[in-house]
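For the sequence shown, position 396 matches number 396 in the UniProt record's numbering, and the numbering has no gaps at all. Just so it is clear, CB atoms sit at the ideal spot from N, CA and C, and this is done for glycine as well. Structure first, commentary second.
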Amino acid sequence: MSLKTVLILLGLALATIFALVCVLLTRERTARACQHLPPEQEDMEDGQSLVFADLTPEEMSQVVRYLQGHLGVPLVDASLAKPSDNCIASVDLQVPAKAEVLRFLDGGGARPPREALAVLYFGQQPDPNITEYVVGPLPTPAYHRDVTVQKYGGKVPYHRRPVTGKEYLDINALVQRELKKAPRFLTACCESDGTNLVTLTTAPRGFKSGDRTTWFVLFHNVPGTGYYLSPVGLEVLVDHGDLHVSRWQLRQVFYNGRYFASTGDLEQEFVAGALEVVRIQQPQADAVLGSMKPRRPPGSPGPLQFEPQGPRYRLRDNHITFQGWSIAFGMSPHTGPRLFDIRYHGERIVYELSLQEALALYGSNCPGGMSTRYLDGSFGIGRFAYELVQGLDCPYTATYVDRHYLAETDTPKTNQNSLCIFEHDSALPLRRHFSDSQSFYYGGLRKTTLVIRTISTLINYDYIWDFMFHGDGAVEVRVHATGYISSSFFHGQGTDHGNRVGPHTLGTMHLHHIHYKVDLDVDGQRNSLETQDMEYELVKDPWSAQNTIERPYLRRERLEKEDEAAFPLNVPMPRYLSFVSPKPNKWEHPRSYRIQIISFPGKHLPSSSSMERSISWGRYQLAVTRRKEEEPTSTSIYNQNDPWTPTVAFADFINNETITNEDLVAWITVGFLHIPRAEDIPNTVTVGNGVGFFLRPYNYFNEDPSVDSSDSVYFSSEQDVGACGTNPLSCLSSAATCAPHLPQFHFGGFLNL
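In structure tokens form, the structure reads like this:
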């Protein structure tokens, strides 16, 4: 071998060794950059947030066993119970009194006893009623006490109970029996023998207290699609108020603008040729209005969000911490998501932030549509928060949490992965400035937000509930509506109540109004309410006396009474409204948090309506009241089926008490009017259908607290902006090599239905 060849081989060997060393060093640096870092630790004592924790399945089962053995009456599983039976309707956490909790959290007091609230239906009694018991202490119950009279001033009448799944099954059986009395009509109108028709409930159920008569709207059922868009024009009124199912009756029938006493009368009119029939073919799955099946094959994947070094938030039990934020979270089976003890950098901002109610009020020229005022808490906003689809409902790499509930059964149920937590990059600066004058520099901070999300499917609609925590100390609450519109059969002057969206489908106008409770504790419990707005004053120009100038000035006002702090819906209110502390910040302004509402609601039900008091919270876009332990919620699950004598009337909370230096609660209504359009087929989109509010620091700090963020970016014209040590954005190229190993997609949401 020649010397030249040896030198060439030696050079190649050295080059290979050098390349391998470079690869190994690069891999080592990349591995170090991709190592998951532990989230920041918080000072809050471990386990304190458990005072707000939802009941575990084991605790629910213990409560059921205790009640079965200590009430002295037979209890039937609610999933099988007839109206004439006794049953356990639901079991939920009994949230301890605020004073007890604060003594425990802040004053070193004893942990409040852990208790459950059990709702029972007593149908097998001389005086059927609804009774609520507090059961404790958990996990081993030893006592129960009846709190019904204490909470509601008397027994709750039995007719106010929400309709159970078993009751709906019995109603459907009655409807099917009645449909068999009109076979020729069904064949002509709907190509049906009745078995491929499904019913949709309406509510409330009648016109006066004690009524339990419900209009049910019939639709063609096409498996795999939303039947809500395929009405056949037939609606039936069922009286199901008797304790004995055998005595239930079909009271009226509606078809295509006409009313009949029974399905037999309807059949008779059809056979006699006296009935105008609109012949509707059974929809096919590939052509039905409600189909959500993709029409194109999958394309290239969209953007993917991930954390290069793992989540920057910390989750333990029901407690989340993130960049100074501390939140305890939970879920009521009735009212849905609820947050407690929200702190920022160790200071409590909000004691309770909870959803209260969701109202959907419809208009139509059909009886079912025109009488519908759904109060979704009665159906179960939290109970029907099902499993979230990773990568679509929430980011693929979000943290998913199971929620447990006990409702209409003696066995606890689990909605797996039904709440998600993630850090969201909004692709928007939280703040920034590019300086092109005097000195040249850039400073900014990405707007990353902690999001807690759950989604409730309430019959046809899907509500996306978001609670967001920003780097400047602001809390954002937002709800989006999607899912299917509810529709009526198109006939007559239907377009007076909506838009035609299909051959026989009227998209009926409706409003969505959502109510929240916000128990703000701004630098302590003693707060007042201050408004600020602008006015103009005409003044002489100080440097040119012969001229005048319109000078804006700030008008501040302290509101002293609850009546002053009740702002009617759709009436302009002060642009700045804040909960203020008696303590000042560094600049001698009261430390405050501002409430900023983003909403475009419809009109509230007229006060002359016999059922308006049951939703009287909807009178106000904002009402501030003194906090009272006996006023925990703005409504009741019993209001739906007796809105004429509401169990809880929010209007009674406002009685002109003083609100100066008191523990105050803000009750906030947000919502929108929805007039369906062709583009709501097959589904309503979230674009433009989101409303909510902000809680924003207002002189609470001495400066923007986000200046302490380690995500801040600053570089000047004199620096090397490509240096990772100078500019964190230059480090992103190495972070991009840290793409996570994604777990295999899984969805088990259909298993628990």
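- If you draw a straight line from the Cα of Ser634 to the Cα of Arg338, it comes to about 14 Å.
- Taking the C-beta atoms as reference points, Asn656 is found no nearer than 7 Å to Asp519.
- Note that the region 186–203 does not touch the region 107–119; fewer than 3 beta-carbon pairs, one per stretch, sit closer than 8 Å.
- When secondary structure is reduced to three states using DSSP, Asn417 falls in the strand class.
- Val63: member of the alpha helix (DSSP H) spanning 57–70, first to last residue.
- According to DSSP, Ser354 shares a beta bridge with Arg338, Lys517.
- Non-local C-beta neighbours of Ala358 in its own chain, meaning closer than 6 Å and more than five positions away in sequence, comprise Asp376, Ile514, ordered along the chain.
- Assignment of beta-bridge partners to Gln249 by DSSP yields Asp239.
- Comparing C-alpha distances from Asp77 to each of Val477, Met534, Gly123 shows the shortest one belongs to Gly123.
- With a 10 Å radius around the Cβ and a threshold of 16 neighbouring Cβ atoms, Arg65 comes out exposed.
- Taking the CA atoms as reference points, Ala385 sits about 7 Å from Asn415.
- Judged by DSSP in its simplified three-state form, Ser730 adopts helix.
- With a 10 Å radius around the Cβ and a threshold of 16 neighbouring Cβ atoms, Val539 comes out exposed.
- Per DSSP, Asp106 is one residue of the alpha helix (DSSP H) stretching across 98–106.
- Cβ-Cβ distances below 6 Å link Phe270 to Phe185 in the same chain, with the five nearest sequence neighbours on each side left out; the list follows chain order.
- Runs of alpha helix (DSSP H) with 4 or more residues, each lying fully within the UniProt domain "Copper amine oxidase N2-terminal" (74–143), are found at 98–106, listed in chain order.
- Assignment of Phe379 by DSSP, reduced to helix, strand and coil, places it in the helix class.
- Here the region 592–610 makes contact with the region 566–574; the two share three or more CB pairs at distances below 8 Å.
- Between the alpha carbons of Tyr400 and Cys420 lies a gap of roughly 4 Å.
- Counting the other CB atoms within 10 Å of its CB gives Ala182 a total of 16 or more, which places it among the buried residues.
- Taking a contact to require three or more Cβ pairs closer than 8 Å, the region 684–699 and the region 579–599 qualify as touching.
- The continuous beta strand (DSSP E) containing Val665 extends over residues 664–674.
- If you look at Gly507, you'll find it in the beta strand (DSSP E) that goes 505–508.
- DSSP places Thr660 in no alpha helix (DSSP H); its state is neither H nor E.
- Ile171: member of the alpha helix (DSSP H) spanning 165–179, first to last residue.
- Counting C-beta atoms within 10 angstroms of its own C-beta, Lys166 has 16 or more neighbours from the protein chains shown and is therefore classed as buried.
- With contacts defined by Cβ atoms closer than 7 Å, Thr321 and Arg312 do not form a contacting pair.
- With a beta-carbon spacing of about 14 Å, Thr531 and Tyr593 fall beyond the 8 Å limit used to define contacts.
- Val713 sits close to Pro728, with the two beta carbons spaced by under 7 Å.
- Following the DSSP letters along the chain, one finds Asp265 inside the alpha helix (DSSP H) bounded by residues 263–271.
- Bridge partners of Lys540 according to DSSP: Thr548.
- Just measuring C-alpha positions, the residue of Lys628, Phe650, Pro643, Gly380 sitting nearest Leu622 is Phe650.
- Less than 7 Å separates the beta-carbon of Glu59 from that of Pro139.
- Met292 sits exposed, since fewer than 16 C-beta atoms from the chains shown fall within 10 Å of its C-beta.
- If only complete runs of 4 or more residues are kept, the region 425–504 shows no alpha helix (DSSP H) anywhere.
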